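Heads up: the structure comes next, in structure tokens.
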Amino acid sequence: MGLFCLWHWQSLQVDYVQLEKLLSNGKWMEADQETSRIMSKLTSKAVDERSFFGSSAIDPFGGRKYSVAFSGLYSCSELQKIDKLWSKYSQGNFGFMVQSEIARSMTPDLLAIPSSESYQFARQFDKQVGWTDKKYLRTPDWYREIQNPEKARGSLPSKIWLLDIKQNLKPLATDSLILTVERFSKCQNSESVKNFR
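Residues in the sequence shown are numbered from 1 upward in steps of one, following UniProt numbering.
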């Protein structure tokens with residue numbers, strides 16, 4: 001039992017070295033896939049911390065309620081670390097901050113979007129950042145089109161991390177990505193307040 005616990009704990013540790021290496025070399029597709037692995041690991045770690053003998057404390061039937069819980073899984077430091085790496089190596093064109101700015105330009109209060117409209121908003125957001133074809137999203141051709149970060153502002157990290165997690169954690173409401181972007185915005189706001197003091 002002790003060895004299993006140690007192995008399980010080690011399997012949930014997150015290392016950002018590979019992500020930074022890929023980003024520094026402009027390997028956007030591989031970096032996006034690595035981000036997906038990291039987000040999946042962070043999700044597993046957070047769900048594991050919120051469960052008791054295999055029963056998750058996150059409501060698996062609550063639709064938006066579930067999504068709000070899902071978006072709160074990530075600590076600010078984890079989201080900010082990923083964002084800083086993407087932003088640094090794309091000259092500010094990729095990352096959660098850019099995605100947050102794009103989402104907020106569409107509506108200032110993401111949490112005020114009624115559940116009945118969240119799917120439509122998510123589709124509009126997908127269109128803004130170039131995520132309109134989920135199947136195409138995983139192909140090298142899609143990444144070839146975004147080799148110039150200035151022309152593909154906000155498109156990375158893509159939502160493949162959410163699609164991968166969605167297969168393992170059902171049900172996920174359509175607005176989970178938007179709520180995660182909202183979580184990142186709140187992290188940034190709290191960081192700004194700290195720096196102001």
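Where a beta carbon is used, it is the ideal one built from N, C-alpha and C, also for glycine. Predicted, not measured: the structure shown is a model, and the values here were computed from it.
Quiz item: With burial defined as no fewer than 16 other Cβ atoms inside 10 Å of the residue's Cβ, what is the status of asparagine 189: buried or exposed?
Solution: exposed
Quiz item: Is the segment 177-186 in contact with the segment 73-86, if contact means three or more CB pairs nearer than 8 Å?
Solution: yes
Quiz prompt | Coarse secondary structure for phenylalanine 94, derived from DSSP in three states | solution = In the three-state reduction of the DSSP assignment, phenylalanine 94 falls in the coil class, being assigned neither a helical nor a strand state.
Quiz item: Below 7 Å between beta carbons: does that hold for tryptophan 28 and tyrosine 119?
Solution: no
Practice problem: Please report how far the alpha carbon of leucine 111 lies from the alpha carbon of leucine 19, in whole angstroms. | Solution: Cα to Cα, leucine 111 sits roughly 30 Å from leucine 19.
Self-check item: Run of the alpha helix (DSSP H) containing arginine 153, from where it starts to where it stops
Solution: No alpha helix (DSSP H) holds arginine 153; DSSP gives it neither H nor E.
Exercise. Grab the span of the alpha helix (DSSP H) containing leucine 19 for me, first residue to last.
Key: 17-24
Quiz prompt | When Tyr89, Ser90, Phe96, Gly130 are compared against tyrosine 74, the one with the closest alpha-carbon | solution = Checked all of Tyr89, Ser90, Phe96, Gly130; the closest Cα to tyrosine 74 is Phe96.
Exercise. Can you tell me which of the three DSSP states lysine 170 falls into?
Key: With a pLDDT of 42 at lysine 170, under the threshold of 50, the modelled position of this residue cannot be trusted; read the value that follows with caution. Reduced to three states, the DSSP call for lysine 170 is coil.
Self-check item: Rounded straight-line distance, which links the Cα of isoleucine 102 to that of serine 87
Solution: 15 Å
Quiz item: What span of residues does the alpha helix (DSSP H) with valine 14 cover, start to end?
Solution: Run containing valine 14: none; DSSP gives neither H nor E here.
Quiz item: For lysine 21, which option in Glu34, Lys45, Gln91 has the closest C-alpha, if you only look at C-alpha atoms?
Solution: Glu34
Practice problem: Pull up the distance between the alpha-carbon of isoleucine 113 and that of threonine 107, whole angstroms please. | Solution: 8 Å
Exercise. Going by CA-CA distance only, name the one from Phe94, Met39, Asp15 that's closest to asparagine 148.
Key: Distances from the alpha-carbon of asparagine 148 to those of Phe94, Met39, Asp15 put Phe94 closest.
Practice problem: Identify whether tyrosine 74 lies in helix, strand or coil by the three-state DSSP scheme. | Solution: coil
Quiz item: Are valine 98 and glycine 154 closer than 7 Å when you measure CB to CB?
Solution: yes
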